[in-house]
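As structure tokens, the structure follows; a few thoughts come after it.
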Amino acid sequence: MIGLVVVSHSSKAAEGICEIAAQMAGGATIEPAGGDGEGGIGTSAPRIQDAIETVDDGDGVVILVDLGSAVMNAELAIEMAETESDVVIADAPVLEGALNGAVEASNTKATVESVVEKAEDAREYHKVN
Amino acid sequence: MSDEEQREAVLMAIDRVATRMQDEKSHLTDLDSAIGDADHGANLARGFTAAAEAVEGSEDDVDEIVKKIGVTLISKVGGASGPLYGGSIMSASQTLSEEGLTAETSIAFAEAYLEKVLDRGGARVGSKTMVDALTPAVHTYKKSIEVDELPPVTALAKAVAAAERGVAFTVPIRAEKGRASFLGWRSVGHQDPGATSTLFIMQELLATAEKFTEGETDVDALAPSEPDVDPDDDGGDE
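Sequence order for the protein chains is A and B.
If you count the first sequence from 1, position 13 lands on 13 in UniProt numbering, and the numbers rise without skipping.
If you count the second sequence from 1, position 6 lands on 6 in UniProt numbering, and the numbers rise without skipping.
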């Protein structure tokens, strides 16, 4: 099964986004990696690396990120992670992308590519009109 | 330098950088509070101090020591500075793995570090970032050794002078990357904290190199070691 990691500057935001996504997609493996690892606002490559290794069962991992350093730390975490699986950052809004990605990932036929594609579909969403 | 001297030099360098970052903590934080999130001084001081402690008394080869410095920075420095400083040091440490620290490998290290910063951060010269100090410094260092055949410490002194000009260049330009870019035109007139801390690191590397190697260090980055042809000279004999 494809694993998901949600990276946010706030650990509460990352946990909350995982809660919302998990409610829609029972059975998806989704792990929050928020905050700087020391209780503050920020992102942490070792924390993201741990989350990747937690959700990785060999099929691949898709990462959703919020802003700025989240992308750089996620890239670095991918380089540091001890895995043979594909690990990819989706270029998508973090909440809507996580939700879409989790729904797709709960499908047993999902691949890294299909989860990234569904997550990135969320870029086109309009909320009003 | 012998293996022992190389190790001693790297350990002295990280100690000096850690001390400098502690000394400059409030200065860097002031710069960052003007155009960023006011955490640069505290982040780098915490990270480099932890890195110096992590390798204190190490008996490892220099590439392993440098790698450990990078890894410690990644885990202890928050925000984008962790990947940019720590990740780039970790990645560039591979250039020292076979021959240790030589004039050639120091150029390779500098180039690998710059390349990683460019790749990771996506900034270019003129984005008002550390790249504005780092790029002229790395180019000047490489040219001074490879073309002008200057001693590495002299090349490093020229690189520091080039980085100083790069830091000054960040003041009157508009930020394109990082938090400062959200300020748009209001970022103009402020010195970039990342370029500034990059200069501080280089100054400490130079101070360390002066203790271990010999060469002129009172040099100007803009002065060619072999003067270019005088543009006013028409080549005539009269």
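All C-beta atoms in this analysis are idealised placements derived from N, C-alpha and C, irrespective of residue type, glycine included.
CB contact below 8 angstroms: residue i versus chain A
i	result
B/Ala-80	yes
B/Leu-84	yes
B/Ser-58	no
B/Ser-93	no
B/Gly-178	yes
B/Glu-8	no
Residue interval of the alpha helix (DSSP H) (run including residue i)
i	result
B/Gly-47	40–55
B/Ile-14	3–23
A/Ile-17	11–24
A/Leu-95	94–105
A/Ile-41	Taken as a continuous stretch (DSSP letters only), A/Ile-41 belongs to no alpha helix (DSSP H), as it is neither H nor E.
B/Leu-134	131–146
B/Leu-114	103–121
B/Val-66	62–76
B/Leu-199	193–212
A/Asn-73	69–80
B/Ala-175	Careful: B/Ala-175 lies outside any alpha helix (DSSP H) and carries neither H nor E.
A/Ala-119	112–121
B/Ser-88	88–92
C-beta neighbour in chain B for residue i, strict 8 angstroms
i	result
A/Ala-13	no
A/Ala-45	yes
A/Met-72	yes
A/Asp-36	yes
A/Gly-26	no
A/Ser-8	no
A/Gly-39	no
A/Ser-69	yes
A/Gly-97	no
A/Gly-60	no
A/Gly-42	yes
Chain-ordered chain E contacts of residue i [CB-CB under 7 angstroms]
i	result
B/Gly-87	Absent here is chain E; the protein component of the structure consists of chains A and B.
Contact belief for residue i with residue j at Cβ below 8 angstroms, rounded distance in angstroms
i	j	result
B/Lys-177	B/Ala-123	4 angstroms
A/Ile-2	A/Cys-18	That belief does not hold up - the Cβ atoms of A/Ile-2 and A/Cys-18 are roughly 15 angstroms apart, past 8 angstroms.
B/Phe-186	B/Asp-37	Phe is not the amino acid found at residue 186 of chain B; the sequence shown has Arg there. Incorrect: roughly 15 angstroms between the Cβ atoms, too far for contact.
B/Gln-22	B/Thr-49	7 angstroms
A/Ala-21	A/Ala-119	Contact flag wrong, Cβ pair sits at about 10 angstroms.
B/Gly-47	B/Val-77	4 angstroms
B/Arg-174	B/Val-188	5 angstroms
B/Ala-54	B/Thr-72	4 angstroms
B/Asp-61	B/Ser-93	Not confirmed; about 10 angstroms, so no contact.
B/Thr-129	B/Ala-195	7 angstroms
Beta strand (DSSP E) segment containing residue i, residue limits
i	result
A/Ser-8	3–8
A/Glu-31	29–34
B/Leu-150	Per DSSP, B/Leu-150 belongs to no beta strand (DSSP E) and is neither H nor E.
A/Ile-89	87–89
A/Ala-65	Residue 65 of chain A is actually Val in this sequence, not Ala. Where A/Val-65 is concerned, the enclosing beta strand (DSSP E) stretches over 61–65.
Interface residues of the stretch 111–145 of chain B facing chain A [CB-CB below 8 angstroms] = Arg-120 and Gly-121
Taking three-plus beta-carbon pairs below 8 angstroms as touching, is the stretch 83–100 of chain A in contact with the stretch 92–106 of chain B?
-> no
May I ask you to verify whether the stretch 111–118 of chain B touches the stretch 72–90 of chain B, counting CB pairs closer than 8 angstroms and requiring at least 3?
-> yes
With 7 angstroms as the limit, tell me which residues of the stretch 66–78 of chain B have their beta carbon closer than that to any beta carbon of chain A; keep them in chain order.
-> Ile-74, Ser-75 and Gly-78
Tell me, please, whether the stretch 118–129 of chain A touches the stretch 5–17 of chain A by the rule of three or more beta-carbon pairs shorter than 8 angstroms.
-> no
Tell me, please, whether the stretch 41–59 of chain A touches the stretch 73–86 of chain B by the rule of three or more beta-carbon pairs shorter than 8 angstroms.
-> yes
Three-pair Cβ contact test at 8 angstroms for the stretch 107–116 of chain A versus the stretch 56–69 of chain A = yes
Examine the Cβ distances between the stretch 206–220 of chain B and the stretch 2–19 of chain B and report whether three or more of them are shorter than 8 angstroms.
-> yes
Looking at C-beta atoms only, is the number of pairs between the stretch 210–220 of chain B and the stretch 147–167 of chain B that lie closer than 8 angstroms three or more?
-> yes
For the stretch 100–109 of chain B and the stretch 135–147 of chain B, state whether three or more C-beta atom pairs, one from each stretch, are separated by less than 8 angstroms.
-> yes
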